[in-house]
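The sequence shown begins at 176 in my numbering and counts up by one. C-beta: ideal position from N, C-alpha, C; glycine also. In what follows, a structure is listed as structure tokens, so that the remarks can point back to it.
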Amino acid sequence: LLAAYRQLLMDRSDPVSEANYAKLLDKAAGRDPDNIEVLRGLAKRGLNKGTAEGFEDALPYLQRMVALGVATPSDEFALGELLASTGEITQGLTLLQKASPLDPYNPLGYESLAISFWVAGKKDDAMKEIRQGLEVSPENQVLRFMLKKAEEGDMAP
């Protein structure tokens, strides 16, 4: 049921549906806290806030998904980027480098690796990831923007 609600919200944004999903998610979290849909929903709730506090909220849920072995590459991209951006650069890069080959056609992996390499001061590696991502997805606007900013030397995360 949680997966169906999440899919509905992805298809169309509706405040009533969002409120119902939030209630259902909270209820399910109390009953089955290690359920993959519960963990993913709670992580996305934090990530969607777009704030440092929201990212901090998402971190334990993403880490739990990885620990349980149920994380998708996209979950691992989010966790790796979060870790790198919060100072756990080596751990974040290790996770991203492990996850990226699992979904080589997903530009998010290249984006996450590029940002994390940039944060780590490895600008050449960041540029390599951006270029590889553009080979896979030449029309990707995020990667194009990142390339432009990186060439200007101003790719702040």
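For residue i, is the classification buried or exposed, using 16 other Cβ atoms within 10 angstroms of its Cβ as the cut-off for buried?
{"i": "Pro248", "result": "buried"}
{"i": "Asp250", "result": "buried"}
{"i": "Phe292", "result": "buried"}
{"i": "Pro279", "result": "exposed"}
{"i": "Gly216", "result": "buried"}
{"i": "Phe320", "result": "exposed"}
{"i": "Lys273", "result": "exposed"}
{"i": "Leu271", "result": "buried"}
{"i": "Gly296", "result": "exposed"}
Going by Cα to Cα distance, which pick from the options is closest to residue i?
{"i": "Ala242", "options": "Val311, Asp207, Asp299 and Ile211", "result": "Ile211"}
{"i": "Pro124", "options": "Gly225, Thr226 and Asp209", "result": "Residue 124 lies beyond the range of the chain shown here (176 to 332); nothing can be said about it."}
{"i": "Leu264", "options": "Ala325, Gly328 and Ser287", "result": "The amino acid occupying residue 264 in the given sequence is Ile; Leu does not appear at that position. Considering only alpha carbons, the answer is Ser287."}
{"i": "Glu326", "options": "Arg215, Arg306 and Ser312", "result": "Arg306"}
{"i": "Asp232", "options": "Leu283, Ala295, Leu214 and Tyr196", "result": "Leu214"}
{"i": "Asn281", "options": "Ala197, Phe230 and Glu314", "result": "Glu314"}
{"i": "Arg239", "options": "Phe320, Thr226, Asp201 and Ala253", "result": "Ala253"}
{"i": "Thr261", "options": "Thr226, Leu277 and Ser275", "result": "Thr226"}
{"i": "Met302", "options": "Gly328, Gln316 and Gly205", "result": "Gly328"}
| field | Minimum length 4: unbroken alpha helix (DSSP H) runs contained in the region 244-312 | value | Listed in chain order, the complete alpha helix (DSSP H) runs (minimum 4 residues) inside the region 244-312 are 248-260, 264-274, 282-294 and 298-311.
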